[in-house]
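Our numbering puts the first residue of the sequence shown at -1, with every later residue one more than the last. Take a look at the structure below.
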Amino acid sequence: FQSMPVLDEEGFLKYFKNPPSTTCLVLSASEDKKNKLFQGIRKSAVTVECKPIYEDKVGGWIKNFCKESGYSIDDVSVQLLADHLGANLLSIEQELGKIFTYKTDNRTIYADDVEQITGISRQFNVFALQDALSQKDLKRSLLISRHLIQSGESIVMLIAVLFAYYRKLLLAAFLRKKGLTPAQIREQMRISDFQYRGITAGLNKTDFEQIKRVIHLLKKADIQAKSSNISELSILQMLCYKICRL
(Lines of atoms letter the chains of each structure in order from A and count residues from 1; the text may use other names and numbers.)
(Lines give C-alpha, C1' and ligand atoms only; values in the text may rest on other atoms or scores of the structure.)
Protein backbone atom coordinates (compact mmCIF):
# COMPACT_ATOMS: atom_id res chain seq x y z
CA PHE A 1 0.00 0.00 0.00
CA GLN A 2 2.74 2.49 0.97
CA SER A 3 4.36 2.15 -2.46
CA MET A 4 1.17 2.94 -4.42
CA PRO A 5 1.34 6.25 -6.34
CA VAL A 6 -1.83 8.14 -5.34
CA LEU A 7 -2.28 11.53 -6.99
CA ASP A 8 -5.85 12.21 -5.85
CA GLU A 9 -6.34 11.21 -2.21
CA GLU A 10 -9.86 12.65 -1.97
CA GLY A 11 -11.00 10.80 -5.08
CA PHE A 12 -9.47 7.63 -3.75
CA LEU A 13 -11.31 7.99 -0.43
CA LYS A 14 -14.62 8.66 -2.20
CA TYR A 15 -14.16 5.43 -4.12
CA PHE A 16 -13.71 3.48 -0.89
CA LYS A 17 -16.88 4.93 0.60
CA ASN A 18 -18.96 3.50 -2.24
CA PRO A 19 -17.07 0.83 -4.23
CA PRO A 20 -18.81 -1.40 -6.82
CA SER A 21 -20.59 -4.31 -5.14
CA THR A 22 -18.67 -6.78 -7.31
CA THR A 23 -15.26 -5.50 -6.20
CA CYS A 24 -13.03 -7.40 -3.80
CA LEU A 25 -9.91 -5.32 -3.21
CA VAL A 26 -7.16 -6.45 -0.83
CA LEU A 27 -4.47 -4.02 0.32
CA SER A 28 -1.45 -4.91 2.43
CA ALA A 29 0.04 -2.14 4.55
CA SER A 30 1.95 -1.29 7.68
CA GLU A 31 -0.16 0.72 10.10
CA ASP A 32 0.43 4.46 9.74
CA LYS A 33 -1.68 6.52 12.14
CA LYS A 34 -0.52 9.82 10.59
CA ASN A 35 -1.45 8.86 7.04
CA LYS A 36 -4.82 10.43 6.17
CA LEU A 37 -5.42 8.08 3.26
CA PHE A 38 -4.64 5.00 5.34
CA GLN A 39 -6.98 6.07 8.14
CA GLY A 40 -9.73 6.98 5.68
CA ILE A 41 -9.57 3.58 4.01
CA ARG A 42 -9.56 1.88 7.40
CA LYS A 43 -12.91 3.48 8.30
CA SER A 44 -14.55 2.02 5.20
CA ALA A 45 -12.90 -1.40 5.12
CA VAL A 46 -12.52 -4.58 7.10
CA THR A 47 -9.05 -4.66 8.64
CA VAL A 48 -7.16 -7.77 9.66
CA GLU A 49 -4.01 -7.43 11.76
CA CYS A 50 -1.38 -10.00 10.79
CA LYS A 51 1.26 -10.12 13.50
CA PRO A 52 4.40 -12.17 12.87
CA ILE A 53 4.39 -15.39 14.87
CA TYR A 54 6.70 -15.56 17.88
CA GLU A 55 9.45 -18.18 17.87
CA ASP A 56 7.99 -20.04 20.84
CA LYS A 57 4.72 -20.55 18.93
CA VAL A 58 6.22 -22.01 15.75
CA GLY A 59 6.35 -25.58 17.08
CA GLY A 60 2.67 -25.51 18.01
CA TRP A 61 1.80 -24.09 14.59
CA ILE A 62 3.67 -26.92 12.85
CA LYS A 63 1.88 -29.57 14.91
CA ASN A 64 -1.53 -28.00 14.28
CA PHE A 65 -0.88 -27.67 10.55
CA CYS A 66 0.11 -31.34 10.35
CA LYS A 67 -2.93 -32.38 12.37
CA GLU A 68 -5.29 -30.39 10.14
CA SER A 69 -3.66 -32.05 7.12
CA GLY A 70 -4.21 -35.52 8.58
CA TYR A 71 -0.67 -36.17 9.85
CA SER A 72 1.15 -36.41 13.16
CA ILE A 73 4.75 -35.27 13.65
CA ASP A 74 7.28 -36.07 16.38
CA ASP A 75 8.99 -33.41 18.50
CA VAL A 76 12.43 -33.89 16.93
CA SER A 77 10.99 -33.24 13.47
CA VAL A 78 9.16 -30.15 14.72
CA GLN A 79 12.33 -28.71 16.19
CA LEU A 80 14.35 -29.57 13.08
CA LEU A 81 11.94 -27.61 10.89
CA ALA A 82 11.63 -24.72 13.36
CA ASP A 83 15.40 -24.41 13.79
CA HIS A 84 16.11 -24.50 10.08
CA LEU A 85 13.23 -22.34 8.80
CA GLY A 86 12.55 -20.06 11.76
CA ALA A 87 9.20 -18.25 11.79
CA ASN A 88 8.80 -18.29 8.00
CA LEU A 89 5.45 -20.06 7.87
CA LEU A 90 5.33 -20.08 4.06
CA SER A 91 8.63 -21.96 3.86
CA ILE A 92 7.51 -24.37 6.58
CA GLU A 93 4.25 -25.03 4.75
CA GLN A 94 6.12 -25.65 1.49
CA GLU A 95 8.51 -28.13 3.11
CA LEU A 96 5.66 -29.93 4.86
CA GLY A 97 3.85 -30.06 1.52
CA LYS A 98 6.81 -31.98 0.07
CA ILE A 99 6.71 -34.40 2.99
CA PHE A 100 2.93 -34.93 2.67
CA THR A 101 3.38 -35.72 -1.04
CA TYR A 102 5.89 -38.50 -0.38
CA LYS A 103 4.47 -39.86 2.89
CA THR A 104 1.90 -42.21 1.40
CA ASP A 105 2.84 -45.26 3.48
CA ASN A 106 1.86 -43.85 6.89
CA ARG A 107 0.69 -40.58 8.42
CA THR A 108 3.41 -40.04 11.02
CA ILE A 109 6.36 -37.76 10.21
CA TYR A 110 9.75 -38.58 11.73
CA ALA A 111 13.10 -36.77 11.62
CA ASP A 112 14.40 -39.20 8.99
CA ASP A 113 11.51 -38.16 6.72
CA VAL A 114 12.38 -34.49 7.15
CA GLU A 115 16.05 -35.10 6.34
CA GLN A 116 15.47 -37.39 3.35
CA ILE A 117 12.71 -35.35 1.71
CA THR A 118 13.69 -31.74 2.48
CA GLY A 119 17.47 -32.09 2.61
CA ILE A 120 17.66 -30.55 6.09
CA SER A 121 20.49 -32.22 8.01
CA ARG A 122 20.64 -32.75 11.76
CA GLN A 123 24.38 -33.47 11.80
CA PHE A 124 25.70 -30.75 9.51
CA ASN A 125 23.69 -27.56 9.81
CA VAL A 126 24.31 -24.22 11.49
CA PHE A 127 22.34 -25.31 14.56
CA ALA A 128 24.57 -28.36 14.97
CA LEU A 129 27.52 -25.95 14.80
CA GLN A 130 25.81 -23.72 17.35
CA ASP A 131 25.39 -26.70 19.68
CA ALA A 132 29.01 -27.80 19.25
CA LEU A 133 30.28 -24.30 20.04
CA SER A 134 28.00 -23.93 23.05
CA GLN A 135 29.50 -27.16 24.41
CA LYS A 136 33.02 -26.00 23.42
CA ASP A 137 33.47 -29.17 21.38
CA LEU A 138 36.34 -28.07 19.13
CA LYS A 139 36.66 -31.28 17.11
CA ARG A 140 32.97 -31.40 16.21
CA SER A 141 32.74 -27.66 15.50
CA LEU A 142 35.69 -27.85 13.08
CA LEU A 143 34.15 -30.85 11.31
CA ILE A 144 30.75 -29.16 10.94
CA SER A 145 32.21 -25.81 9.89
CA ARG A 146 34.25 -27.48 7.13
CA HIS A 147 31.18 -29.34 5.86
CA LEU A 148 29.07 -26.15 5.85
CA ILE A 149 31.59 -24.08 3.89
CA GLN A 150 32.28 -26.91 1.43
CA SER A 151 28.51 -27.27 0.93
CA GLY A 152 28.31 -23.64 -0.16
CA GLU A 153 26.82 -22.07 2.95
CA SER A 154 27.47 -18.34 3.32
CA ILE A 155 29.78 -17.52 6.21
CA VAL A 156 27.94 -14.21 6.68
CA MET A 157 24.67 -16.11 7.18
CA LEU A 158 26.34 -18.59 9.56
CA ILE A 159 27.80 -15.77 11.66
CA ALA A 160 24.41 -14.02 11.75
CA VAL A 161 22.72 -17.14 13.14
CA LEU A 162 25.47 -17.64 15.73
CA PHE A 163 25.28 -13.97 16.69
CA ALA A 164 21.51 -14.26 17.27
CA TYR A 165 22.07 -17.33 19.45
CA TYR A 166 24.76 -15.72 21.61
CA ARG A 167 22.64 -12.60 22.03
CA LYS A 168 19.90 -14.84 23.44
CA LEU A 169 22.50 -16.55 25.61
CA LEU A 170 23.66 -13.16 26.92
CA LEU A 171 20.10 -12.08 27.73
CA ALA A 172 19.39 -15.39 29.49
CA ALA A 173 22.58 -15.04 31.55
CA PHE A 174 21.60 -11.48 32.49
CA LEU A 175 18.07 -12.52 33.52
CA ARG A 176 19.43 -15.44 35.50
CA LYS A 177 21.80 -13.07 37.35
CA LYS A 178 18.78 -10.94 38.22
CA GLY A 179 17.24 -13.98 39.92
CA LEU A 180 14.46 -14.78 37.46
CA THR A 181 13.11 -18.33 37.43
CA PRO A 182 13.35 -20.51 34.29
CA ALA A 183 9.64 -19.93 33.61
CA GLN A 184 10.10 -16.16 33.91
CA ILE A 185 13.13 -16.24 31.61
CA ARG A 186 11.19 -18.23 28.98
CA GLU A 187 8.33 -15.75 29.19
CA GLN A 188 10.60 -12.70 28.95
CA MET A 189 12.49 -14.14 25.97
CA ARG A 190 9.41 -15.71 24.33
CA ILE A 191 11.17 -19.01 23.68
CA SER A 192 9.97 -22.61 23.89
CA ASP A 193 10.97 -25.15 26.53
CA PHE A 194 13.17 -26.89 23.94
CA GLN A 195 14.97 -23.64 23.08
CA TYR A 196 15.44 -22.85 26.76
CA ARG A 197 17.02 -26.26 27.37
CA GLY A 198 19.49 -25.53 24.58
CA ILE A 199 20.30 -22.15 26.08
CA THR A 200 20.69 -23.65 29.56
CA ALA A 201 23.18 -26.19 28.18
CA GLY A 202 25.18 -23.29 26.77
CA LEU A 203 25.05 -21.34 30.03
CA ASN A 204 26.45 -24.34 31.89
CA LYS A 205 29.63 -24.12 29.79
CA THR A 206 30.22 -20.36 29.77
CA ASP A 207 29.68 -17.25 31.87
CA PHE A 208 28.41 -13.73 31.25
CA GLU A 209 31.82 -12.22 30.46
CA GLN A 210 32.78 -15.07 28.13
CA ILE A 211 29.55 -14.63 26.17
CA LYS A 212 30.38 -10.95 25.65
CA ARG A 213 33.81 -11.98 24.35
CA VAL A 214 32.20 -14.45 21.94
CA ILE A 215 29.96 -11.69 20.58
CA HIS A 216 33.07 -9.54 20.05
CA LEU A 217 34.74 -12.43 18.19
CA LEU A 218 31.66 -12.85 15.99
CA LYS A 219 31.65 -9.16 15.08
CA LYS A 220 35.34 -9.33 14.21
CA ALA A 221 34.82 -12.45 12.07
CA ASP A 222 31.91 -10.77 10.29
CA ILE A 223 34.12 -7.81 9.35
CA GLN A 224 36.85 -10.18 8.12
CA ALA A 225 34.36 -12.16 6.03
CA LYS A 226 33.11 -8.99 4.34
CA SER A 227 36.38 -7.14 3.83
CA SER A 228 39.45 -9.42 3.86
CA ASN A 229 41.02 -11.88 1.42
CA ILE A 230 41.17 -14.64 4.03
CA SER A 231 39.25 -17.76 2.98
CA GLU A 232 35.81 -18.30 4.54
CA LEU A 233 36.88 -21.69 5.88
CA SER A 234 39.92 -20.19 7.64
CA ILE A 235 37.83 -17.41 9.19
CA LEU A 236 35.14 -19.79 10.43
CA GLN A 237 37.53 -22.41 11.77
CA MET A 238 39.64 -19.81 13.57
CA LEU A 239 36.42 -18.45 15.07
CA CYS A 240 35.50 -21.95 16.28
CA TYR A 241 38.95 -22.39 17.81
CA LYS A 242 38.81 -19.08 19.68
CA ILE A 243 35.29 -19.69 21.03
CA CYS A 244 36.08 -23.23 22.19
CA ARG A 245 39.29 -22.10 23.89
CA LEU A 246 37.74 -19.26 25.93
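Built from N, CA and C at the ideal position, the CB exists for glycine as well. Please read these numbers as outputs of a predicted model, since none were measured by experiment.
Two segments are said to touch when three or more pairs of C-beta atoms, one from each, lie closer than 8 Å; by this definition the segment 145 to 160 touches the segment 226 to 243. Between I233 and I153, the gap from beta carbon to beta carbon is short of 8 Å. When the beta-carbon positions are compared, Y108 and S132 stay at least 8 Å from each other. Comparing C-alpha distances from Q208 to each of Q186, S70, R184 and R165 shows the shortest one belongs to R165. The Cβ atoms of Y69 and R120 lie no closer than 8 Å to each other. Exclusion of the five residues before and after G38 leaves L11 as the residues of its chain whose Cβ lies within less than 6 Å of its Cβ. Following the DSSP letters along the chain, one finds D220 inside the alpha helix (DSSP H) bounded by residues F206 to S225. L167 is positioned such that its CB atom lies no closer than 8 Å to that of I118. Under a 10 Å Cβ-count criterion, V44 is classified as exposed, with fewer than 16 other Cβ atoms of the shown protein chains found around its own Cβ. The three-state reading of DSSP puts I147 in helix, counting H, G and I together. Inclusion of L136 and Y239 in the CB contact set at 8 Å is warranted, their separation being smaller than that value. For T99, the three-state secondary structure derived from DSSP is helix.
Shown here, S75 sits in a helix according to DSSP, grouped into three states. In its chain, beyond the 5 residues on either side, S42 have a beta carbon closer than 8 Å to the beta carbon of K15.
Under DSSP, S70 shares a beta bridge with T106. Taking C-alpha positions only, G196 is separated from A85 by approximately 18 Å. The residues L94 and F98, in chain order, have a CB closer than 8 Å to that of S67 in the same chain once the five nearest residues on each side in sequence are set aside.
Beyond the five residues adjoining it in sequence on each side, I189 comes within less than 8 Å, by CB distance, of E53, D54, K166 and I197 in the same chain, given in chain order.
Judged by beta-carbon spacing, A126 lies within the 8 Å limit of I142, meaning their Cβ atoms are closer than that value. Non-local beta-carbon contacts of A219 in its own chain, meaning distances under 7 Å to residues more than five positions away in sequence, involve I157, I233 and L237 in chain order. Looking from the CA of C48, the closest CA among T20, R138, L87 and D205 belongs to L87. Bounds of the alpha helix (DSSP H) holding L131 are V124 to S132. Around the beta carbon of I221, a 10 Å sphere encloses fewer than 16 other beta carbons of the protein chains shown; the residue is thus reported as exposed.
Secondary structure within the segment 156 to 180: not one fully enclosed alpha helix (DSSP H) run of 4 or more consecutive residues is present.
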